[in-house]
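From first to last, the protein sequence lines stand for chains A and B.
For the first sequence, my numbering begins at 1 and goes up steadily by one.
For the second sequence, my numbering begins at 1 and goes up steadily by one.
Written out below as structure tokens is the structure these notes cover.
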Amino acid sequence: MALSIKYFARVRDALGTSGETLAWNATWQTVDDLRQALCARGGAWAETLSREEIHCARNQQIAAWNDPIADGDEIAFFPPVTGG
Amino acid sequence: MAKDAVTIRVQSEDFDPGVETQRLHEADPTVGAVATFLGLVRAHPQEDGAVTTMTLEHYPGMTEKALAAIVDEARRRWPLTAVTVIHRVGPLAVGDRIVFVGCASSHRAAAFAACEFLMDYLKTRAPFWKKEATASGETRWVEARASDEERALRW
Numbered sequence: 001m002a003l004s005i006k007y008f009a010r011v012r013d014a015l016g017t018s019g020e021t022l023a024w025n026a027t028w029q030t031v032d033d034l035r036q037a038l039c040a041r042g043g044a045w046a047e048t049l050s051r052e053e054i055h056c057a058r059n060q061q062i063a064a065w066n067d068p069i070a071d072g073d074e075i076a077f078f079p080p081v082t083g084g
Numbered sequence: 001m002a003k004d005a006v007t008i009r010v011q012s013e014d015f016d017p018g019v020e021t022q023r024l025h026e027a028d029p030t031v032g033a034v035a036t037f038l039g040l041v042r043a044h045p046q047e048d049g050a051v052t053t054m055t056l057e058h059y060p061g062m063t064e065k066a067l068a069a070i071v072d073e074a075r076r077r078w079p080l081t082a083v084t085v086i087h088r089v090g091p092l093a094v095g096d097r098i099v100f101v102g103c104a105s106s107h108r109a110a111a112f113a114a115c116e117f118l119m120d121y122l123k124t125r126a127p128f129w130k131k132e133a134t135a136s137g138e139t140r141w142v143e144a145r146a147s148d149e150e151r152a153l154r155w
């Protein structure tokens, strides 16, 4: 299986992609483990995803960084919301 | 409150606030109060590079779920007869309608409070993002405001 990852708004602009499918890594236990793996790509990835204000959703629900992650999840990274 | 009394729509098309307000009470003679909020794209005439257009982005699927959760929370807190939340996405111009929130109840206190609660929560918890463009074509993502989070934390 794999993870479906989505990027929105200024995060998408900074990374230059709206999403990707990533092969599951059995060592990942939390959402933050995935974030660290993406940051390890360096450049815009490290700069953007290490920012404190970045939010994460797991399966379309707001997630905390220490929430568990599982094979098949849909994970999204985005900046603070500005609707309304 | 019947489930069909909740309306949540995320759409690119405009909406008619009069029609939406009418829908909030026409089916239920126990409604004594309807409070509505209408949000618009506004000009910033005091700033350089005044905004001329805005693009609303959202997270399809999660946005609708987040709005449903916010409406459920409002219904838990106040005796509401009907609730409507409509939020537009895509390109919008100054003066365009962005968002409509309407709450119907027997009495005004619940309708007023729920309407304000829904807007405060929508602005800080529903995944929408605004990108502004100026007449010169420069674009910028709108920054989240701490005052919006403070308003949401009052509830």
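C-beta: ideal position from N, C-alpha, C; glycine also.
Computed from a predicted structure; not experimentally measured.
Give me the chain B residues within the contact set of residue i, using Cβ-Cβ distance strictly less than 7 Å, ordered along the chain.
i	result
residue 10 (chain A)	141
residue 60 (chain A)	61, 62 and 65
Starting from residue i, find everything on chain A with Cβ-Cβ shorter than 8 Å and list it in chain order.
i	result
residue 95 (chain B)	Under the 8 Å cutoff, chain A gives no residues; its nearest Cβ is about 17 Å from residue 95 (chain B).
residue 203 (chain B)	Limits of chain B in this structure are 1 at one end and 155 at the other, which puts residue 203 (chain B) out of reach.
Can you name the start and end residues of the beta strand (DSSP E) that residue i belongs to?
i	result
residue 54 (chain B)	51 to 58
residue 58 (chain A)	55 to 58
residue 9 (chain B)	6 to 11
Take residue i and list the residues in its own chain whose beta-carbon comes closer than 8 Å to its own, dropping the five residues that flank it on each side.
i	result
residue 28 (chain B)	5, 81, 82 and 104
residue 115 (chain B)	35, 36, 37, 101, 102 and 103
residue 21 (chain A)	2, 3, 4 and 5
residue 152 (chain B)	120, 121, 123, 124 and 125
residue 154 (chain B)	120
residue 32 (chain A)	65 and 66
If the cut is a Cβ gap below 7 Å, which residues of chain A does residue i touch?
i	result
residue 57 (chain B)	8 and 9
residue 124 (chain B)	81
residue 99 (chain B)	84
Following the continuous alpha helix (DSSP H) through residue i, name the residue where it begins and the one where it ends.
i	result
residue 22 (chain B)	17 to 25
residue 48 (chain A)	43 to 49
residue 75 (chain B)	62 to 77
residue 10 (chain A)	9 to 15
residue 36 (chain A)	31 to 39
Within 10 angstroms of its Cβ, does residue i collect 16 or more other Cβ (buried), or is it exposed?
i	result
residue 19 (chain B)	exposed
residue 16 (chain B)	exposed
residue 12 (chain A)	buried
residue 58 (chain B)	buried
residue 87 (chain B)	buried
Taking Cβ-Cβ distances shorter than 8 Å, what residues in chain B pair up with residue i?
i	result
residue 68 (chain A)	Simply none; closest approach about 19 Å.
residue 14 (chain A)	Ordered by position in chain B, no residue passes the 8 Å Cβ test against residue 14 (chain A), which lies about 10 Å from the chain.
residue 57 (chain A)	59, 62 and 127
Given that residue i touches chain A, what residues does it touch there, using C-beta distances under 9 Å?
i	result
residue 153 (chain B)	Those within 9 Å of residue 153 (chain B) in chain A number zero; the least Cβ separation is about 14 Å.
If you drop the 5 nearest sequence neighbours on each side, which residues of the same chain put their C-beta closer than 7 Å to that of residue i?
i	result
residue 38 (chain A)	45 and 49
residue 8 (chain B)	64, 67, 68, 71 and 85
Can you give me the Cβ contacts of residue i inside the same chain, cut-off strictly under 6 Å, excluding the 5 residues immediately before and after it?
i	result
residue 33 (chain B)	105, 107, 108 and 111
May I ask you to list the residues that DSSP assigns as paired with residue i?
i	result
residue 132 (chain B)	B:54 and B:140
residue 32 (chain B)	Answer is none; residue 32 (chain B) lacks a bridge partner.
residue 80 (chain A)	Answer by DSSP bridge pairing: none, since residue 80 (chain A) is not bridged.
residue 100 (chain B)	B:38 and B:86
residue 123 (chain B)	Residue 123 (chain B) pairs with nothing; no bridge assigned.
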